[in-house]
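Residue numbers (full-length UniProt numbering), protein chains in the order written: chain F, 1 to 225; chain C, 1 to 225.
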DNA sequence: TGAATGCTTCGGCTAACATCGAAGTATGAA
DNA sequence: TTCATACTTCGATGTTAGCCGAAGCATTCA
């Protein structure tokens, strides 16, 4: 027995409620301070500090010192994908939180998934790109076609610059609310950044929800009908 | 905060080493008895019984009574996909077991992933099917084309019977050793069953490894060059 | 019916760990 | 320099939960 990689370490890291809450908070994509994360998890600063060092030792999160603050964020895209995946599984099993809360519909419509767009809007965007032959899928990998590159460039995104990064440009990420894939990778991040920079959408405070303005939603739907 | 599904319960279930070992053993796809699982995890029967009831309460496994035995198996395909996914993540992070063990190369070449073929052989099979236009990918879903249906039928698999089941016929599953997708779903299960039934390959005892006979490997490569 | 096998339940022990108060370190501001 | 803020480390506490021995069911076989 004892074959393959050891999953129990990762399970144990995610298995503590306080740590799970911190990770969920970090799925918002913003780097947060230890104090903020302690608040999110409902624990004191000392306890949070202990948890954070464990998560860091497990390479699930990374910290960046900046002045007297220390900002914590998910270590990389892979962690976000994994967490979204587990959330999808948990949602199917009915392992939902006791009360769905009023924000739930908004989360299902559009939310940030670590650094890219998820929810109904995210899924529909990828569907449209694939249907139009702008993105091709290959398992969990994805690729931008020539026509796709033109389309993305027209939105105002510097595709060559994305390609120059070491990260994959396109990836798929399983959406827990839609149970279908949406677009991740540096392109997914760039697109969400564009929508927000252009004022089409705004992030809700203390939430993963993304609220599109009426005008922004109109434009988004025009782009990805 | 406290948004979305609760991942900590699932993390906690997987987070205990004894339970993780049992789940890994069940990834072999065979239903095992409590005694066998206790052996796999290196614990006594009583302790195993306690763990098993927790896993069952969490809907990760299901049991089937048969005479005086109780057979435990993963609850469904979804669980297998999730575990393989976490294994892939763990492998990337270097959360490997202390010693890779001698079986590791065999596992990377061909192994059973709950009920379908994984490893180099599994990945190459799906690659070939996609390249030939027999399977189309759409995120984590996949579909068999007309030409694909003919090809599969020629191998001796009753595709309409697969379609009649409620389960998805094609799914992709992320391979932890190859970091690419292989074919899951009822078709993936049927294909592996065919290979074994035709004597092309045999399951190794007490392992997830699959050993192809020389003749079987020749035929497999001829089918999926 | 009695014996054997397979598994669960109970009870108590132990180790691990999450938690927080208090003290310590580091950075920045006054 | 002094104070304040941000965070970590230490120490003590309490709860949890894994673990196993022993006893209790349930099923099968003789």
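C-beta: ideal position from N, C-alpha, C; glycine also.
All figures in this text were calculated on a predicted structure; none of them were measured in a lab.
Exercise. Going by beta carbon distance, what residues of the same chain come within less than 6 Å of residue 29(F), once the five residues before and after it are set aside?
Worked result: Working through the first chain from its first residue, we reach residue 29(F) at position 29. The residues are 112, 114, 115.
Problem set entry | Chain-ordered neighbours of residue 87(F) on chain C, where CB pairs are closer than 9 Å | Against the first chain, residue 87(F) aligns to sequence position 87. Using a Cβ-Cβ cut-off of 9 Å, residue 87(F) is close to 4, 5, 6, 7 of chain C, given in chain order.
Problem set entry | Span separating the alpha-carbon of residue 207(C) from that of residue 168(F) | Locating residue 207(C) in the second chain gives position 207, counting from the first residue. Locating residue 168(F) in the first chain gives position 168, counting from the first residue. One C-alpha to the other measures close to 34 Å.
For this session: Give me whichever residues DSSP pairs with residue 232(C) in a beta bridge.
Result: Chain C is shown from 1 up to 225; residue 232(C) falls before or after that span and cannot be answered.
Exercise. Comparing alpha-carbon positions, which option in 148(F), 59(F), 84(F) lies nearest residue 72(F)?
Worked result: Taking the first residue of the first chain as 1, we reach residue 72(F) at position 72. For residue 72(F), the nearest C-alpha among the options comes from 59(F).
Exercise. Hey, does residue 68(F) have any beta-carbon neighbour from chain C nearer than 9 Å?
Worked result: Working through the first chain from its first residue, we reach residue 68(F) at position 68. Residue 68(F) has a beta carbon lying at 9 Å or more from every beta carbon in chain C.
Exercise. Alpha carbon to alpha carbon, what distance is there between residue 110(F) and residue 33(C)?
Worked result: As a first step, residue 33(C) is located in the second chain; it is residue number 33 there, counting from the start. As a first step, residue 110(F) is located in the first chain; it is residue number 110 there, counting from the start. So the two alpha carbons sit approximately 45 Å from each other.
Exercise. Are the C-beta of residue 47(F) and some C-beta of chain C separated by less than 9 Å?
Worked result: The sequence position of residue 47(F) within the first chain is 47, counting from 1. At a cut-off of 9 Å, the C-beta of residue 47(F) has no neighbouring C-beta in chain C.
Exercise. What residues are listed by DSSP as bridge partners for residue 49(C)?
Worked result: Position 49 of the second chain, counting from 1, holds the residue named residue 49(C). For residue 49(C), no pairing in a beta bridge is given by DSSP.
For this session: Taking 9 Å as the cut-off, decide whether the C-beta atoms of residue 78(F) and residue 174(F) are in contact.
Result: The residue given as residue 78(F) occupies position 78 in the first chain. The residue given as residue 174(F) occupies position 174 in the first chain. Not a contact, by the Cβ cut-off of 9 Å.
For this session: Using three-state DSSP, classify residue 127(F) as helix, strand or coil.
Result: Counting from one through the first chain, the residue named residue 127(F) turns up at place 127. Here residue 127(F) sits in helix by DSSP.
Exercise. Residue range of the alpha helix (DSSP H) that residue 162(F) falls in?
Worked result: Here residue 162(F) refers to the residue found at position 162 when the first chain is read from its first residue. In this chain, the alpha helix (DSSP H) harbouring residue 162(F) covers 159-164.
Problem set entry | For residue 120(C) and residue 132(C), the rounded distance between their alpha carbons | Start at 1 with the first residue of the second chain, and residue 132(C) comes out as number 132. Start at 1 with the first residue of the second chain, and residue 120(C) comes out as number 120. Residue 132(C) and residue 120(C) have their C-alpha atoms spaced approximately 18 Å apart.
For this session: Could you tell me which chain C residues have their CB closer than 9 Å to the CB of residue 200(F), listed as they occur along the chain?
Result: In the first chain, the residue the question calls residue 200(F) occupies position 200. Going along chain C, no residue has its Cβ under 9 Å from residue 200(F), so there is no contact; the nearest lies around 22 Å.
Problem set entry | Contact with chain F by residue 234(C), beta-carbon distance below 9 Å | With chain C represented from 1 up to 225, any question about residue 234(C) goes unanswered, as that position is not in the structure.
Exercise. For the stretch 127-147 of chain C, which residues have a CB atom closer than 8 Å to at least one CB atom of chain F, in sequence order?
Worked result: If the cut-off is 8 Å between Cβ atoms, the stretch 127-147 of chain C has 130, 137, 138, 139, 140, 141 near chain F.
Problem set entry | Same chain, Cβ closer than 8 Å to residue 204(F), five either side skipped, listed in chain order | For this step, residue 204(F) is matched to residue 204 along the first chain. Taken in chain order, the residues that qualify are 103, 106, 210, 211.
For this session: Quickly, what does DSSP pair residue 202(F) with across the bridge? List them, please.
Result: As a working note, residue 202(F) is residue 202 in the first chain. Beta-bridge analysis with DSSP links residue 202(F) to 211(F).
Exercise. Contact check, residue 126(C) vs residue 182(C) under 8 Å by CB: the rounded distance?
Worked result: By one-based count along the second chain, residue 126(C) stands at place 126. By one-based count along the second chain, residue 182(C) stands at place 182. With 8 Å as the limit, residue 126(C) and residue 182(C) qualify as a contact, their Cβ atoms being about 5 Å apart.
For this session: Show which residues of chain F have a CB atom less than 7 Å away from the CB atom of residue 78(C).
Result: Along the second chain, one-based indexing puts residue 78(C) at 78. Correct list: 89, 92.
Problem set entry | Meets three-Cβ-pair contact criterion under 8 Å: the stretch 153-161 of chain F and the stretch 85-93 of chain F | By the Cβ rule, the stretch 153-161 of chain F does not count as touching the stretch 85-93 of chain F, because fewer than three pairs are nearer than 8 Å.
Problem set entry | Within chain F, partners of residue 82(C) - CB distance below 8 Å | By 1-based counting over the second chain, the position of residue 82(C) is 82. The contacting residues are 85, 86, 89.
Exercise. Is residue 115(C) close to chain F, meaning its C-beta is less than 9 Å from at least one C-beta of that chain?
Worked result: For the purposes of this step, residue 115(C) is taken as residue 115 along the second chain, with counting starting at 1. No - not a single Cβ of chain F is within 9 Å of the one on residue 115(C).
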